[in-house]
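Before any comments, here is the structure.
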Amino acid sequence: NAGVTQTPKFQVLKTGQSMTLQCAQDMNHEYMSWYRQDPGMGLRLIHYSVGAGITDQGEVPNGYNVSRSTTEDFPLRLLSAAPSQTSVYFCASSSVSGGGNTIYFGEGSWLTVV
Amino acid sequence: QQQVKQSPQSLIVQKGGIPIINCAYENTAFDYFPWYQQFPGKGPALLIAIRPDVSEKKEGRFTISFNKSAKQFSLHIMDSQPGDSATYFCAASLNNYGQNFVFGPGTRLSVLP
């Protein structure tokens, strides 16, 4: 009953460091995505994937990189962390079957860049 | 045109009250309108959703009212309880697929005992 699993839960980075947020889902969903959540701005789409080997940019992709080598995993890479990337990050997945209209979110990764 | 506006930003009601959260959209191509509920420290979870071919949908104490001509939809919580205290996000999507969701900025609801 795992659903969408994100790691780490909390991370503090120094400006310029790189890191990867991990995301895995066990629901065999085709679609996976990464959102960032900032106060007063709701959830904004960073990158998404419609299947293994296929990724595309969302609303706020700059400074982030993704890959989708398997159906289950969708890691988000911060290439050179900046204070503006301090945020809560949510990975999500959804399925094509049944209209694909329910997004399942992970529990979030709190990232602070100092 | 991709924006979804949401109000109020925060809302405080007494137990048993009926909080109402409103959302408005511009893009008439949106065809699916979900509401997500988020508790502190957790990810958002789907609460209830509606399509533009109906004007109202009820699930338990939660009701969505949808006004297609005004491009507005709202969430009503009947007999609100302290356990309903959370942040609520409205959203809209094209083509039903997860990557095309646009979220409102959220409403923080507090239900006082």
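Protein chains in written order, with this note's numbering: chain A, 1 to 114; chain B, 115 to 227.
From the three backbone atoms N, C-alpha and C, an ideal C-beta is built for every residue, glycine too.
{"Query": "Please report the distance separating the alpha-carbon of A/GLN6 from that of A/TRP34.", "Result": "11 Å"}
{"Query": "Assess, as a yes-or-no matter, whether the segment 124-142 of chain B is touched by the segment 32-47 of chain A under the definition of 3 or more beta carbon pairs within less than 8 Å.", "Result": "no"}
{"Query": "For chain B, find out if any of its Cβ atoms is closer than 8 Å to the Cβ of A/GLY108; answer yes or no.", "Result": "yes"}
{"Query": "If the cut-off is 9 Å on Cβ atoms, which residues from the segment 151-163 of chain B count as contacting chain A, listed in chain order?", "Result": "GLN152, GLY155, LYS156, GLY157, PRO158, ALA159, LEU160 and ALA163"}
{"Query": "For B/PHE180, would you say it is in contact with chain A, using Cβ-to-Cβ distances shorter than 8 Å as the test?", "Result": "no"}
{"Query": "Determine, using beta-carbon pairs with one atom in the segment 61-79 of chain A and one in the segment 154-166 of chain B, whether at least three such pairs fall under 8 Å.", "Result": "no"}
{"Query": "Per DSSP, what kind of secondary structure is B/ASN214 in: helix, strand or coil?", "Result": "helix"}
{"Query": "Assuming contact is defined by CB atoms lying nearer than 8 Å, are B/PRO154 and B/PRO196 in contact in what I supplied?", "Result": "no"}
{"Query": "Over what stretch of residues does the beta strand (DSSP E) that includes A/TYR64 continue unbroken?", "Result": "64-66"}
{"Query": "Going straight from the alpha carbon of B/PHE176 to that of B/HIS190, what length do you get?", "Result": "6 Å"}
{"Query": "How do the segment 172-186 of chain B and the segment 138-153 of chain B stand: do at least 3 beta-carbon pairs fall below 8 Å, yes or no?", "Result": "yes"}
{"Query": "Nearest-angstrom Cα distance between A/ASN62 and B/LYS171?", "Result": "38 Å"}
{"Query": "Could you check how far apart the C-beta atoms of A/CYS23 and A/PRO83 are, in whole angstroms? I think they sit under 8 Å.", "Result": "The Cβ separation is near 23 Å, so there is no contact."}
{"Query": "Within a Cβ cutoff of 8 Å, which residues of the same chain sit near A/SER86, ignoring the five residues on either side of it in sequence?", "Result": "This sequence places Thr at residue 86 of chain A; Ser is not what is there. Cβ within range, chain order: LEU111, THR112 and VAL113."}
{"Query": "Measure the alpha-carbon distance for A/HIS29 versus A/ILE54 and round it to whole angstroms.", "Result": "14 Å"}
{"Query": "Does the distance from the C-beta atom of B/GLN120 to that of B/THR221 stay below 8 Å?", "Result": "yes"}
{"Query": "Have a look at A/THR20 and A/SER67 and give me their C-alpha separation to the nearest angstrom.", "Result": "11 Å"}
{"Query": "Rounded to a whole number of angstroms, what is the C-alpha to C-alpha distance between A/THR102 and A/SER95?", "Result": "8 Å"}
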